[in-house]
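Peer 1:
Protein chains: 4
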Amino acid sequence: MIIHLKEDISKSRAEQAARETQSILFHNGMCYVLVTGSSVQELPSAVAEVTDRFFPMKSDIQLASKSYINDTREVKIGSVAIGGGTGNTIVIAGPCSVESEEQIRQSAQFMKSMNITSLRGGCFKPRTSPYSFQGLGIEGLQLLSKMRDEFGFSIVSEVRDATHVEDVIEHADVIQIGAKSMYDHGILKACAKTDKTVLIKRGFGTTLQEFVQAAEFVLSGGNPNVILCERGIRTFETKTRFTLDLCGVAWLKEHTNLPIVLDPSHALGYRYGIEDLSKACVAMGIDGLLIEVHPDPSVAKSDAAQQLYHDQFEALLKAIKPVAQAVGKQII
Amino acid sequence: MIIHLKEDISKSRAEQAARETQSILFHNGMCYVLVTGSSVQELPSAVAEVTDRFFPMKSDIQLASKSYINDTREVKIGSVAIGGGTGNTIVIAGPCSVESEEQIRQSAQFMKSMNITSLRGGCFKPRTSPYSFQGLGIEGLQLLSKMRDEFGFSIVSEVRDATHVEDVIEHADVIQIGAKSMYDHGILKACAKTDKTVLIKRGFGTTLQEFVQAAEFVLSGGNPNVILCERGIRTFETKTRFTLDLCGVAWLKEHTNLPIVLDPSHALGYRYGIEDLSKACVAMGIDGLLIEVHPDPSVAKSDAAQQLYHDQFEALLKAIKPVAQAVGKQII
Amino acid sequence: MIIHLKEDISKSRAEQAARETQSILFHNGMCYVLVTGSSVQELPSAVAEVTDRFFPMKSDIQLASKSYINDTREVKIGSVAIGGGTGNTIVIAGPCSVESEEQIRQSAQFMKSMNITSLRGGCFKPRTSPYSFQGLGIEGLQLLSKMRDEFGFSIVSEVRDATHVEDVIEHADVIQIGAKSMYDHGILKACAKTDKTVLIKRGFGTTLQEFVQAAEFVLSGGNPNVILCERGIRTFETKTRFTLDLCGVAWLKEHTNLPIVLDPSHALGYRYGIEDLSKACVAMGIDGLLIEVHPDPSVAKSDAAQQLYHDQFEALLKAIKPVAQAVGKQII
Amino acid sequence: MIIHLKEDISKSRAEQAARETQSILFHNGMCYVLVTGSSVQELPSAVAEVTDRFFPMKSDIQLASKSYINDTREVKIGSVAIGGGTGNTIVIAGPCSVESEEQIRQSAQFMKSMNITSLRGGCFKPRTSPYSFQGLGIEGLQLLSKMRDEFGFSIVSEVRDATHVEDVIEHADVIQIGAKSMYDHGILKACAKTDKTVLIKRGFGTTLQEFVQAAEFVLSGGNPNVILCERGIRTFETKTRFTLDLCGVAWLKEHTNLPIVLDPSHALGYRYGIEDLSKACVAMGIDGLLIEVHPDPSVAKSDAAQQLYHDQFEALLKAIKPVAQAVGKQII
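Protein chains in written order, with this note's numbering: chain A, 283 to 614; chain B, 283 to 614; chain C, 283 to 614; chain D, 283 to 614.
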């Protein structure tokens, strides 16, 4: 149950109410909010007198539910807003990994020329083998910051584990929580304490319920700026790297109030169909795309097969714009 | 390996060549064609002198491969051609099951008013429980034939098992092989002997390789009129009925020469997202959509949750047309 | 709901009751039985006076449910009974495919020397490629019959599709319905009309609910001699051919009244772990094992990687006997 | 490639060799070891003169591979050794979560009376909902330490994220890395620096390749004390919580040199079949079992459905002993 306390309730009174109801407490900018487990279906009498409104919920998808807020929340990626009434479908693009200043500058220059406003690049790579390239770490974050300063991008970068979450929060505009890290309480709790935008990727073995519940960790910590990112789930089919779950996206659009960004690059794992899949994603009316693009994919240190060449990305941008228009959206 | 024999080779000589190479033999309208297992990589000397051209293949996806025919084949659904250079995306629609003359006539009248040219309806329902509605059988096929006669539709109907495959071949214009029947040699071989169009649905536990190999049974029997239909695979996610595999569709478009029709209704299993998913499918540039629509879904005898109301279908049609246009296709 | 009619009710009266309740009707040897859909929870008044006992059921797993018969049914494989109070774990073994008289005779002689009583061999192979060995067909069945006559085996052989189901029923003692055919109404209905034992393999994409419902088709046709066979499901893991679902077996043992046979050969797809997996299966206390063994796997025409050499099978038999004993069962 | 340097090579010379070959470096107690990516198939000339032996490897499963050490490593759980030539199958048992001193003491007393030597209990619970019980944290670890002091158990407890990995390393004898945390570099690297035993659970969406590669992070950091734990993967089947992958266990036994512990409790998710599954696991000849047992499961704060009652656990122990004996193992 979500409980909105009366606006004039003091912090200490709110904390007392939280203790009495074993709730999570945060302030939403207007009032204190308590969230209990979803099994609570009747307003606890202990908090009746301090309560303004309350929302019994069917599952532990609570703050993210359309039953609570019957609209898509507006969230910012740098200076660009998505969700809400914006009609924006943002394209976030860049290389899988930041590999060197030269490489990321080439990417940045190209993205600038394409009018892309948000640059992505991984610095702490969640590789499954210790013998692969592990990313440039903090040095990579500094390179991304430099690109922001020079070109005016907002920066999207991934946190791999809790040991460096503060570094990513400091340097990035959007903290990306990767598919392998999205259950990580250390990361989720740190992201709950900032007000920077958090993009949570669905784990490849993660149910929709668990996916949205990960967002609840951030939302119930008081950070409302959460974006969901579907990037493919693991199925029996191995001709493609993963299986992009657009049925799941339909479910998320119907049941949750968070903006949705899709990542066709990781889903397919090959360059050949990224344009077609991007058109499909945009036609769903979603809020953004995450596309991997590399100045020279043939020498990329990670995900070489799926990163687009610059001319392929240019073609993709050109191809998705009329689709966005056809569904009442604009690419930004 | 696919081997085109010289055009003037006699049937008996071709049969001899097939025996000598343990090949499957058929006539493609121009010449006799032998197909061996794909492990054969060098032209068998026994057939060298009767051979015109030959194609070593990498897997048992042979006749359906883009390595053999580097284009999408043109196939007819009634009077409408899809694939090839047609640019057509056909909408095949109708109820899950034919339930009564009244019901199918209501469907037919509505579809006619929507300018739909191809009516679907199941008569032999592959239900997983013996205690559910099993379909009207041959009586249903006769009702569909009646609708064709009255309204001019082409008819798409499903064969459930080999015991009635001849009945479906007789009454339908397109023989649909369902997800649960697509490994059925009895059905595949009967469909190989006709020249009617065969629409093969991917089993929900079927790999892309196996899916296209099912088409090989029909193609290698001499029937080139095969359409592939993706309708969702079974994954760990159960909030939606199945998971529509658009990464798989990207793979099929890249590697096979068969037209592709998508079925978002069975994939999602719920009405709410069918329109969004249909837009996504159309944006992929595919050749057709299969949509379940019922005059009154609330009383439908099967798949009640996923069949659209008439007004929802009308809205869907309106919504997909600009998407088709945006990707250079027209809805038909 | 399952309804036992009074024992003295006539056939025509029973048929009337079936019509009035839209039930399936069969005679169980003692009385007529009606089975309605499981949504019927109260005894229909129309049949109250002819009813002896009735069983409201929670799902369309009805006749196979422990809520109906709270025990494992006893079923015969040739002269050997399994299930019930027998304590038997039968080993059914033989090659994947019958390839020639010489090959099957070698198998038969070896199996005889191992005291195996039930010989398996496929004649109609449900291959996914038209360009692979498709089995000897009816000729294979005749060879198996010959082995039965010479050596006294019971014969287990697979039906692939409805076109030859009568042939398999005629020649085999146990009709095996394969993983790719288990939804086939044509096969299931034919098997419902015989009283021969039917072994139904779970499809690799089939839920436990659907699997047991396939058995309901046979049971509700009046044939109580049904065995369930788990043989591995398709998951994201591809280092092994399939994933043997022993959690599913625990569920089947808890909820259904049918004997259970396990097939580790198809699950793993490789020789190396078949012995270990067989020990695991036997330790579950199941009713039988299906093991693929070939006189010379290196030249086998199908499933070459998973068929055991004769000495490996001998070692397996020796290894599973003490395990069976440890769980109160005997290998037969 | 794994490269053993000559035993008399100095640390600084070894570090130079590591830099020259972009290798990971550790000392295995005998000599310095370099590990490069597996694409390196020929000994780099730069290190030829300092190399004693080298092992080209087929994949990034290197230190854990049977191609490197053709035996199962011996690893200690407190005073009990498993793997190697020990023939031990250890039973690690205890509640899902440490809930209170009273509860964990009841568990400890019971486990002592059953001669269990290793007590498990979770303190940092990786819950998917923020609104569920999150564990006692450090207080729970202190309670477990108290039980060790009083009863002499070795303690197995789980680390959830990198923020408290040092606490778990300090208090537990075996650091359990949970299914949701096994890609966590922060945890894996911290575990690589200790010499305490690390039990890595396979993620429910994790391939065998990735699973063993997680062990490579620990092994290549110089900690050889790693145990693999299979606990069920996520499949389309939802009647059971997960699907225990014993085919995968057969693969691990064949290809890796690490001891294997199985967790049937999490796999099945229900009490009813834990005994049967435990018998199956033991019959595979594995090195240990992890079983959830609670003094009163009906009031458990997590995983209530799958934790055994004390009498059920006693029955389980009694049942698995003869199975262990039948496969040449002893339960400890």
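No residue lacks a Cβ here, since even glycine has one placed at the ideal position from N, Cα and C.
Determine the DSSP secondary structure at Ala-375/C, reduced to helix, strand or coil.
Peer 2: Here residue 375/C refers to the residue found at position 93 when the third sequence is read from its first residue. DSSP places Ala-375/C in strand when its eight states are reduced to three.
Peer 1: Please list the segments of the alpha helix (DSSP H) lying wholly inside the region 466 to 517 of chain B, counting only runs of 4 or more residues, in order along the chain.
Peer 2: Segments of the alpha helix (DSSP H) lying fully in the region 466 to 517 of chain B: 467 to 475 and 490 to 501.
Peer 1: Where does the unbroken alpha helix (DSSP H) through Gln-388/D begin, and where does it stop?
Peer 2: Residue mapping note: residue 388/D aligns to position 106 of the fourth sequence, counting from 1. First-last of the alpha helix (DSSP H) with Gln-388/D: 383 to 395.
Peer 1: Excluding the 5 residues preceding and the 5 following Lys-394/D in the sequence, name in chain order all residues of the same chain whose CB lies nearer than 7 angstroms to its CB.
Peer 2: In the fourth sequence, residue 394/D corresponds to position 112, counting from 1. Taken in chain order, the residues that qualify are Phe-433.
Peer 1: For the region 480 to 492 of chain B, list every residue whose C-beta sits within 8 angstroms of some C-beta in chain A, in sequence order.
Peer 2: Cβ contacts with chain A: Gly-487, Thr-489, Leu-490 and Gln-491.
Peer 1: Where does Val-329/A fall in DSSP's three states?
Peer 2: For the purposes of this step, residue 329/A is taken as the residue at position 47 of the first sequence. It is helical.
Peer 1: Tell me the rounded alpha-carbon separation between Lys-535/B and Thr-525/B.
Peer 2: Position 253 of the second sequence, counted from the start, is the residue given in the question as residue 535/B. Position 243 of the second sequence, counted from the start, is the residue given in the question as residue 525/B. Rounded to the nearest angstrom, the two C-alpha atoms are 18 angstroms apart.
Peer 1: Determine the closest residue to Ala-375/A out of Glu-596/A, Met-464/A, Met-339/A and Val-609/A, with distance taken between C-alpha atoms.
Peer 2: Translated into positions along the first sequence, residue 375/A becomes position 93. If we check each option's Cα against that of Ala-375/A, Glu-596/A comes out closest.
Peer 1: Asp-443/C by DSSP, collapsed to three states: which one?
Peer 2: What you label residue 443/C is simply residue 161 of the third sequence in a count that begins at 1. It is coil, neither helix nor strand.
Peer 1: May I ask you to list, following chain order, the residues of the region 293 to 325 of chain A that have a beta carbon less than 8 angstroms from some beta carbon of chain D?
Peer 2: Flagged, chain order: Ile-306, Val-317, Thr-318, Gly-319 and Ser-320.
Peer 1: Please state whether the Cβ-Cβ distance between Gly-551/C and Thr-522/C is less than 8 angstroms.
Peer 2: Within the third sequence, numbered from 1, the residue matching residue 551/C stands at position 269. Within the third sequence, numbered from 1, the residue matching residue 522/C stands at position 240. Their beta carbons are under 8 angstroms apart, which means Gly-551/C touches Thr-522/C by this criterion.
Peer 1: Can you tell me the Cβ-Cβ gap for Thr-476/B and Asp-455/B, rounded? I've got them flagged as a contact below 8 angstroms.
Peer 2: Along the second sequence, read from residue 1 onward, the residue named residue 476/B stands at position 194. Along the second sequence, read from residue 1 onward, the residue named residue 455/B stands at position 173. No, Thr-476/B and Asp-455/B are not in contact; Cβ-Cβ is about 11 angstroms, not under 8 angstroms.
Peer 1: Given Asp-585/D, which residues of its chain have a CB within under 7 angstroms of its CB, disregarding the five upstream and five downstream residues?
Peer 2: Counting from 1 along the fourth sequence, the entry for residue 585/D is found at position 303. Closer than 7 angstroms at Cβ, skipping near neighbours: Cys-378 and Glu-574.
Peer 1: Which residues does DSSP list as the beta-bridge partners of Asp-527/C?
Peer 2: Within the third sequence, numbered from 1, the residue matching residue 527/C stands at position 245. According to DSSP, which records beta bridges pairwise, Asp-527/C is partnered with Asp-527/D.
Peer 1: Following the continuous beta strand (DSSP E) through Ala-597/B, name the residue where it begins and the one where it ends.
Peer 2: Translated into the one-based positions of the second sequence, residue 597/B becomes position 315. Run containing Ala-597/B: none in the beta strand (DSSP E); it sits in the alpha helix (DSSP H), 592 to 608.
Peer 1: DSSP three-state call for Phe-415/D: helix, strand or coil?
Peer 2: If you number the fourth sequence from 1, residue 415/D lands on position 133. Three-state DSSP puts Phe-415/D in coil, outside helix and strand.
Peer 1: For Tyr-350/B, which of helix, strand or coil comes out of DSSP?
Peer 2: Counting from one through the second sequence, the residue named residue 350/B turns up at place 68. Here Tyr-350/B sits in coil by DSSP.
Peer 1: Got a sec: which bits of the region 563 to 583 of chain C sit with their beta carbon under 8 angstroms from any beta carbon on chain D, in order along the chain?
Peer 2: Within the region 563 to 583 of chain C, the residues whose Cβ lies closer than 8 angstroms to some Cβ of chain D are Cys-563, Val-564, Ala-565, Met-566 and Gly-567, listed in chain order.
Peer 1: Which of the three DSSP states, helix, strand or coil, is assigned to Glu-432/B?
Peer 2: Here residue 432/B refers to the residue found at position 150 when the second sequence is read from its first residue. Here Glu-432/B sits in helix by DSSP.
Peer 1: Quick one: Cα of Phe-435/C to Cα of Asn-507/D, how far?
Peer 2: Translated into the one-based positions of the third sequence, residue 435/C becomes position 153. Translated into the one-based positions of the fourth sequence, residue 507/D becomes position 225. About 51 angstroms.
Peer 1: Per DSSP, what kind of secondary structure is Gln-458/C in: helix, strand or coil?
Peer 2: Numbered from 1 along the third sequence, position 176 holds the residue referred to as residue 458/C. Three-state result, Gln-458/C: strand.
Peer 1: What's the C-alpha gap between Val-605/B and Glu-557/A?
Peer 2: One-based indexing of the second sequence puts residue 605/B at position 323. One-based indexing of the first sequence puts residue 557/A at position 275. Going by the C-alpha atoms only, they are around 15 angstroms apart.
Peer 1: Mind pulling the chain B residues with CB within less than 7 angstroms of Lys-288/A?
Peer 2: Looking up residue 288/A in the first sequence gives position 6. Correct list: empty, because the minimum Cβ distance to chain B is about 36 angstroms.
Peer 1: Ala-472/C to Cys-511/C, Cα distance in whole Å?
Peer 2: Locating residue 472/C in the third sequence gives position 190, where the first residue counts as 1. Locating residue 511/C in the third sequence gives position 229, where the first residue counts as 1. Cα to Cα, Ala-472/C sits roughly 19 angstroms from Cys-511/C.
Peer 1: Does any residue of chain A have a CB that is nearer than 8 angstroms to the CB of Ala-444/D?
Peer 2: In the fourth sequence, counting from the first residue as 1, residue 444/D sits at position 162. Ala-444/D counts as touching chain A.
Peer 1: Going by beta carbon distance, what residues of the same chain come within less than 6 angstroms of Ile-343/B, once the five residues before and after it are set aside?
Peer 2: What you label residue 343/B is simply residue 61 of the second sequence in a count that begins at 1. Excluding sequence neighbours, Ile-343/B sits near Val-494.
Peer 1: Run through DSSP, which three-state label would Arg-295/D get?
Peer 2: In the fourth sequence, counting from the first residue as 1, residue 295/D sits at position 13. Arg-295/D: helix per DSSP, three-state reduction.
Peer 1: Please list, in chain order, the chain D residues whose beta carbon lies closer than 9 angstroms to that of Thr-410/B.
Peer 2: Locating residue 410/B in the second sequence gives position 128, where the first residue counts as 1. What Thr-410/B touches in chain D: nothing, since even the nearest Cβ is about 14 angstroms away.
Peer 1: Taking the straight line between their C-alpha atoms, what separation do you get for Ser-414/C and Phe-499/B?
Peer 2: Numbered from 1 along the third sequence, position 132 holds the residue referred to as residue 414/C. Numbered from 1 along the second sequence, position 217 holds the residue referred to as residue 499/B. Distance between the alpha carbons of Ser-414/C and Phe-499/B is about 11 angstroms.
Peer 1: Compare the C-beta of Arg-523/D against all C-beta atoms of chain B and say whether one is closer than 8 angstroms.
Peer 2: On the fourth sequence, position 241 is the one that residue 523/D refers to. Not closer than 8 angstroms to any Cβ of chain B, the Cβ of Arg-523/D fails to qualify, so no.
Peer 1: Considering only C-alpha positions, which residue in the set Ile-614/B, Met-339/B, Ser-502/B and Ile-420/B is nearest to Leu-307/B?
Peer 2: Along the second sequence, read from residue 1 onward, the residue named residue 307/B stands at position 25. Closest by alpha carbon: Ser-502/B.
Peer 1: For Val-373/B, which of Gly-610/B, Ile-568/B and His-309/B has the nearest alpha-carbon?
Peer 2: On the second sequence, position 91 is the one that residue 373/B refers to. Val-373/B has its Cα closest to that of Ile-568/B, out of Gly-610/B, Ile-568/B and His-309/B.
Peer 1: According to DSSP, is Leu-423/B part of a helix, a strand, or is it coil?
Peer 2: Here residue 423/B corresponds to residue number 141 of the second sequence, with the count starting at 1. Looking at Leu-423/B - three-state DSSP - the assignment turns out to be helix.
Peer 1: Cβ closer than 7 angstroms: which chain B residues qualify as neighbours of Phe-518/D?
Peer 2: On the fourth sequence, position 236 is the one that residue 518/D refers to. What Phe-518/D touches in chain B: Arg-516, Thr-517 and Phe-518.
Peer 1: Would you mind sorting Asn-352/C into buried or exposed? The rule is 16 or more other CB atoms within 10 Å of its CB.
Peer 2: To locate residue 352/C, count along the third sequence from 1; it is residue 70. Under this definition Asn-352/C is an exposed residue.
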